[in-house]
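Protein chains in written order, with this note's numbering: chain A, 39 to 286; chain B, 19 to 258; chain C, 23 to 596. No residue lacks a Cβ here, since even glycine has one placed at the ideal position from N, Cα and C. Structure first, then comments.
Laid out in structure tokens, this is it:
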């Protein structure tokens with residue numbers, strides 16, 4: 039094992055810098071050390087002003103998202119010994135930078151506000167009866183810790199200025215749509231406002247999810263298929279019309 | 019030495035797909051070319067009751083099957099990434115040109131991919147023919163003759179079945195993907211069990227899509243070899 | 023560098039803290055029609071509540087029909103070793119089930135029983151299976167559900183990454199707060215009619231802790247500085263099972279759910295030692311008992327080389343573990359490279375929950391300071407000397423609702439007052455002075471404090487060590503005057519550490535003083551020099567700041583009415 043690691047940390051202070059650059063720190067390596075430990079070492083011993091956002095350090099809150107050697111990852115979950123002796127840590131590129139490794143992710147709350155909220159069926163007998171087999175699909179999506187790595191890696195958000203809500207919010211919509219007692223269909227929203235059509239299911243989001251949610255396979259594609267039901271499939275559309283269950 | 023490395027890295031940035039080839043995509047394209055050449059220049063429809071998979075039940079379905087594959091989520095991912103470079107690779111815009119290239123995802127031209135489920139319906143109708151081919155192959159001589167080629171034909175049918183039944187559209191329309199309440203079904207556990215089983219296959223959809231495609235060509239090549247007179251028409255088991 | 027500019031905001035109700043209790047209060051306040059501003063030190067949705075794993079204690083009786091609020095009341099009072107305020111505990115036990123159903127109606131999706139009811143799991147010292155859970159991510163589900171509700175409400179403003187530095191009073195009433203928006207480096211003055219402290223606990227004052235970065239007790243310290251009474255400050259809960267290896271995750275929680283689902287504790291001799299310490303409840307005894315047992319085993323040389331004991335769930339099989347404890351599986355797999363479906367986990371005690379905090383009125387959750395309310399881990403009284411697992415989530419749902427109702431009712435009767443400009447400028451100046459590249463590094467002082475607390479005021483305490491800790495704390499307080507960091511006001515973690523260290527010092531001092539005062543052992547507070555419980559101490563210690571002096575007193579809730587006395591077994595003393 040290396041005794042030391044060269045940490046190249048992205049530095050940007052809006053008060054004095056025009057553009058950011060990497061600054062190298064040499065950090066001693068301890069057993070089981072993660073990238074966030076190394077960043078903390080810098081903060082505690084070398085430069086207390088190094089901006090980094092973190093909370094739980096247990097991969098449960100999703101605060102410490104960054105791009106480590108180019109790959110969107112959680113700093114608290116990426117072991118230093120898995121990366122060689124030179125590490126680059128940069129902020130998420132898809133979001134406006136605040137300072138150093140910290141980005142402004144507030145756009146996500148704006149999106150969250152737009153997604154039609156949980157709307158239970160009317161006239162349910164209380165307490166509700168729900169079978170365990172109806173819970174498991176939604177459960178996968180509810181594991182999301184909102185680290186926004188999927189938003190960061192998504193090329194639609196990262197490289198194209200489109201009104202696509204992003205993988206996180208496709209997952210959010212799916213978590214509500216698969217709630218057994220939810221009464222509304224979010225296809226209309228996803229298709230007409232959410233920009234679901236911009237997703238070209240290239241699965242980068244799925245590959246970076248620290249919670250191992252099958253974002254594309256289990257959330258986005260099923261939502262796309264629901265959109266097909268309402269907008270592209272004449273037979274299902276007709277069928278739905280006859281049964282009077284169309285959309286919201 | 020240095021300039022060579024520079025040239026290579028420039029090329030890598032310019033055409034990354036050449037350097038990090040996606041085998042599934044290139045195989046698909048190679049097979050497409052192969053199929054066109056083979057089917058129109060040197061057609062082999064049948065050899066002693068062994069029907070070539072391209073001709074089952076008729077060559078006319080090849081475009082439909084092609085379209086089925088083209089609209090499949092697995093192939094979509096591959097050609098969006100590797101032909102259209104959207105994205106070039108996850109989180110890395112090496113050429114720094116993506117923002118300048120127009121992108122409309124599946125909202126305009128590629129919105130036709132939303133019709134995948136209709137091609138799926140065709141695909142489901144076609145599947146029995148492949149099993150029928152197996153039946154024809156073992157009964158060709160009268161009685162029951164199991165040849166090596168029959169096994170290939172059966173395997174081909176099974177792989178195609180796995181690909182079709184692991185389809186995302188199948189999952190949504192038939193396997194219960196659009197169901198919110200499994201418990202409301204007549205047999206809740208069976209309903210959810212089927213969904214879970216299909217989901218398990220679905221996880222490997224990309225693999226099935228690739229293997230089933232390659233296998234068709236293998237079967238075709240084998241039949242061509244037989245037709246060319248190679249002495250490899252092994253009989254494994256027979257009751258006449 | 024001083025930046026005298028600030029932004030001014032008016033609101034009916036100010037909530038400091040966006041964890042479970044703060045958001046639950048906000049939901050209620052929004053319903054009652056007042057305008058709400060929520061300030062959060064961390065990003066929205068990242069509060070320490072997401073770390074709550076096991077579940078919400080509520081006597082639904084879905085799994086064990088014999089369960090009811092009376093048993094829950096009894097369990098909570100007994101394990102709180104009789105110094106919990108019975109008036110709060112009664113509410114908690116009676117209303118938790120309704121709050122759980124309410125949360126379900128907001129969209130939370132709990133694990134289910136075969137009868138399609140809410141699944142409940144066993145937990146330490148709960149008589150029946152009582153914890154409504156969502157796998158081992160109950161807190162995350164709870165917080166997301168509340169967050170979603172609030173994001174879809176109007177008349178609410180969420181300002182995250184704002185550190186509140188001071189509560190402002192006028193005529194003995196809190197009229198607002200001054201804070202620093204970390205994202206922009208801009209100061210904010212919030213004029214509010216009523217204010218709720220929902221700032222959580224202070225586990226970070228210890229070296230080994232399961233708590234997030236933000237648990238530095240800022241809410242409690244803010245209230246104390248504003249003249250609020252603090253109670254049970256000596257009561258810090260140590261969770262029996264935290265990870266011990268690798269060093270980077272030392273202290274990280276291993277949910278009690280592991281033991282709830284059947285996990286067994288072994289020492290390195292292969293002995294299931296809980297049979298010796300607690301023949302009846304075994305692994306599922308109260309947290310203080312199990313934590314001390316593990317501590318003892320390690321002290322007596324039957325621990326692992328990393329200073330832990332072994333916890334085994336592997337015998338339950340892979341499917342069961344993946345279904346019930348997926349988070350734990352991933353946590354051990356990814357941080358320690360241990361497969362808990364095959365191997366034993368290495369665990370040891372870790373600082374977990376602060377039972378003490380701001381003393382509140384049992385009817386309204388108001389503090390002794392007008393216009394100031396408190397709830398959640400920042401408030402005291404519910405958990406007494408030892409908190410039962412699952413009671414914290416129940417606490418924040420039940421009292422979050424209460425405080426939401428009462429604080430908005432208060433806001434409706436109160437007038438909005440503007441914070442005087444001079445006071446804002448003073449506060450801006452005070453905070454800005456921490457920007458001083460030649461100051462003492464706040465991190466080294468913080469490390470010193472945390473080390474001292476862990477070494478001297480941990481699971482087993484004694485007079486000598488605590489006096490030592492106290493003198494170290496007072497020394498650090500002196501050094502604190504010369505603390506400082508470089509850089510500027512915008513997203514400067516060093517600056518934040520300076521501000522937090524104030525809270526941590528304040529709380530540590532009171533914790534130690536309280537612990538020195540309480541000359542007995544009760545619940546989480548165990549003294550090797552007074553190892554027995556003492557009837558004289560069947561009361562709470564209260565601290566209050568008067569001018570710059572700290573005053574202490576003791577408090578005794580009114581006598582319990584007969585219908586509650588009936589439920590509760592008489593407390594016994596040796």
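Query, Result
"Minimum Cβ-Cβ distance from residue 181 of chain A to chain C less than 8 Å", "yes"
"The stretch 425-438 of chain C touching the stretch 126-140 of chain C, judged by at least three CB pairs closer than 8 Å", "no"
"Per-residue DSSP class, three states only, for residue 579 of chain C", "coil"
"Minimum C-alpha distance to residue 132 of chain A - residue among A:241, A:192, A:251", "A:192"
"Chain B contact residues for residue 259 of chain A, given Cβ-Cβ distances below 7 Å", "91, 186"
"Distance, residue 81 of chain C Cα to residue 589 of chain C Cα", "15 Å"
"Sequence-distant residues of the same chain with beta carbon closer than 8 Å to residue 564 of chain C, five excluded per side", "251, 252, 253, 381, 574, 575, 576, 577"
"Endpoints, alpha helix (DSSP H) assigned at residue 194 of chain A", "193-197"
"C-alpha distance - residue 138 of chain C paired with residue 218 of chain A, whole-angstrom precision", "12 Å"
"Those runs of the alpha helix (DSSP H) which lie wholly inside the stretch 238-325 of chain C and span at least 4 residues", "240-247, 279-282, 296-299, 309-321"
"C-beta contact flag for residue 244 of chain B and residue 167 of chain B at 8 Å", "yes"
"Three-state class that DSSP yields for residue 389 of chain C in the structure shown", "coil"
"Cβ-based contacts, 9 Å cut-off: residues of the stretch 134-155 of chain A near chain B", "none"
"Chain-ordered chain B contacts of residue 171 of chain A [CB-CB under 8 Å]", "200, 201, 206, 207, 210"
"Cutoff 8 Å: residue 76 of chain B Cβ touching any chain A Cβ", "no"
"Backbone CA spacing between residue 19 of chain B and residue 45 of chain B [nearest angstrom]", "Bear in mind that a pLDDT of 39 at residue 19 of chain B, under 50, signals an unreliable position, so the number given afterwards is only what the model happens to contain. Each residue's Cα considered, the two are about 33 Å apart."
"Reference residue 140 of chain C, options C:147, C:149, C:120, closest by Cα", "C:120"
"6 Å Cβ shell around residue 330 of chain C - same chain, five flanking residues per side excluded", "266, 368, 369, 370"
"The beta strand (DSSP E) enclosing residue 547 of chain C, as first and last residue numbers", "Unbroken run through residue 547 of chain C: none, as it is neither H nor E."
"Proximal residues of chain C, C-beta to C-beta of residue 120 of chain A below 9 Å", "Result: empty, since nearest Cβ-Cβ is about 11 Å, beyond 9 Å."
"Contact under 8 Å by Cβ, residue 90 of chain A with residue 136 of chain A", "no"
"C-beta neighbour in chain C for residue 70 of chain A, strict 8 Å", "yes"
"The stretch 410-424 of chain C contacting the stretch 224-244 of chain C, beta-carbon criterion three pairs below 8 Å", "no"
"Chain C contacts made by the stretch 197-223 of chain A, where a contact means CB separation under 7 Å", "217"
"Minimum Cβ-Cβ distance from residue 109 of chain B to chain A less than 8 Å", "yes"
"Min CB distance residue 193 of chain A to chain B below 8 Å", "yes"
"DSSP bridge partner residues for residue 395 of chain C (one or two, in chain order)", "C:218, C:388"
"Rounded distance between the beta-carbons of residue 156 of chain A and residue 75 of chain A, thought under 8 Å", "Their Cβ separation, rounded to whole angstroms, is 38 Å, which puts residue 75 of chain A and residue 156 of chain A out of contact at 8 Å."
"Every unbroken alpha helix (DSSP H) inside the stretch 123-168 of chain B [4 residues or more]", "134-157"
"Start and end residues, alpha helix (DSSP H) containing residue 121 of chain C", "108-128"
"Chain A within 8 Å of residue 105 of chain B, Cβ atoms only", "yes"
"Whether residue 412 of chain C touches residue 79 of chain C by CB criterion (8 Å)", "yes"
"Short CB-CB distance (under 8 Å) between residue 95 of chain B and chain A", "yes"
"Partner residues on chain A for residue 129 of chain B, Cβ-Cβ distance less than 7 Å", "235"
"Contacts that residue 88 of chain A makes with chain C (C-beta to C-beta distance below 8 Å)", "515"
"Whole-angstrom distance between residue 126 of chain A and residue 66 of chain C, CA atom to CA atom", "27 Å"
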